[in-house]
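UniProt numbering puts the first residue of the first sequence at 1, with every later residue one more than the last.
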Amino acid sequence: MGEETPALPADLGPVRSALIEWYERSHREYPWRRTEDPYEILVSEVMSQQTQLGRVVDAWRGFLERWPTVEALAAADRADVVGFWSDHSLGYNNRAKYLHEAAGQVCTEHDGEFPETPEDLEELMGVGPYTANAVASFAFNDGNAVVDTNVKRVLYRAFDVPDDDTAFGRAAEELLPDGRSRVWNNAIMELGGVACEKTPGCDREGCPWREWCHAYQTGDFTAPDVPTQPAFEGSRRQMRGRVVSTLREYDELPLDGLGPRVRVDYAPDGEYGREWLRGLLEDLADDGLVEVDSADGTVVVRLRR
DNA sequence: ATCCCGACCA
DNA sequence: TGGTCGGGAT
């Protein structure tokens with residue numbers, strides 16, 4: 001058998017109502033917290049995956065203004081969706097591609113009706129365990145417990161749950177009040193995002209769990225390790241971003257026209273030359289973001305539509 | 001430098 | 001299980 005997991009408080013009633021009351025009293029207002037439209041929720045969740053919420057608000061409004069329904073998004077050109085993503089600095093163009101593809105799935109495989117269960121939602125491209133439960137919760141109030149980095153940090157500190165995904169999942173499920181996934185998942189993530197950040201603000205934010213919190217009692221606010229990303233400056237990701245933004249501006253370019261706009265030190269036969277650029281473009285083509293055409297001897301690159 | 005409501009693919 | 005995927009704000 002596995003190791004013993006620490007017990008949550010015996011009576012979960014007061015723990016649950018304390019958090020829900022705290023949330024309803026003092027949570028931040030975000031526009032997606034005022035809708036139950038699964039399409040609008042999905043857009044907000046995908047945008048929020050690795051981007052600060054404050055930067056998502058304008059993008060979310062603009063996106064829904066341009067593509068108000070899942071049908072409208074499915075009918076859009078992928079290049080336009082990726083273009084919007086870049087314009088609003090949302091990062092990770094793959095997420096725009098996934099969202100566009102998921103919209104197509106909803107229209108063709110589900111007849112335009114959004115799936116409502118976490119299991120069915122996970123079939124959508126780009127929708128993993130977190131996003132599936134988030135949409136099921138916030139749109140249909142019918143999700144399981146979400147486990148993201150915020151929730152892990154909260155459980156680790158408050159209830160001494162070991163840094164282990166299975167343990168986090170079990171503890172999160174046990175805490176979730178039956179039939180209240182909408183407010184609960186919002187609340188526990190809000191707690192992690194506002195009061196129980198890397199540097200905690202227990203008293204400042206009036207954390208509702210102080211009387212039960214292991215970390216608050218011991219003063220040890222260690223948090224689970226989050227893998228640190230390699231530097232962005234000079235990275236392959238930065239170069240991919242430059243390819244996409246350059247192709248948006250020029251529609252299509254030959255290899256040696258694109259190269260210098262991606263790296264100032266581009267030299268056709270140098271270390272960062274045609275061969276390097278072809279490799280970069282091959283990955284972008286595999287990701288469905290660009291097209292590389294070899295017509296009559298010359299290679300031309302453009303964004304995929 | 002580090003953070004930010006993950007998911008995909010090998 | 002690990003490598004990869006953007007970019008702005010602080």
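We put the beta carbon where it would ideally sit given N, CA and C, even for glycine.
Distance from the Cα of Leu-90 is smallest, within the candidate group Leu-73, Arg-66, Val-57, for Val-57. DSSP places Leu-90 outside both helix and strand once states are collapsed to three, so it counts as coil. Taking Asp-165 as reference, the option from Arg-180, Ala-267, Asp-148 with the minimal CA-CA separation is Asp-148. When the Cα atoms are used, Leu-64 and Glu-40 turn out to be separated by approximately 7 Å. Under the three-state reduction of DSSP, Pro-254 is assigned to strand. DSSP places Ser-137 in the uninterrupted alpha helix (DSSP H) bounded by 129-140. The segment 134-146 and the segment 168-185 touch, with no fewer than 3 CB-CB distances between them shorter than 8 Å. In the DSSP annotation of this structure, Glu-190 is not part of any beta strand (DSSP E); the continuous alpha helix (DSSP H) holding it starts and ends at 181-190. Around the CB of Thr-131, 16 or more other CB atoms lie within 10 Å, so the residue is classed as buried. From the listed residues Tyr-156, Pro-177, Asp-178, the smallest Cα separation to Phe-168 is found for Tyr-156.
Secondary structure at Glu-291: strand, using DSSP grouped into helix, strand and coil. Cβ-Cβ distances below 7 Å link Trp-60 to Pro-31, Trp-32, Val-43, Ser-44, Met-47 in the same chain, with the five nearest sequence neighbours on each side left out; the list follows chain order.
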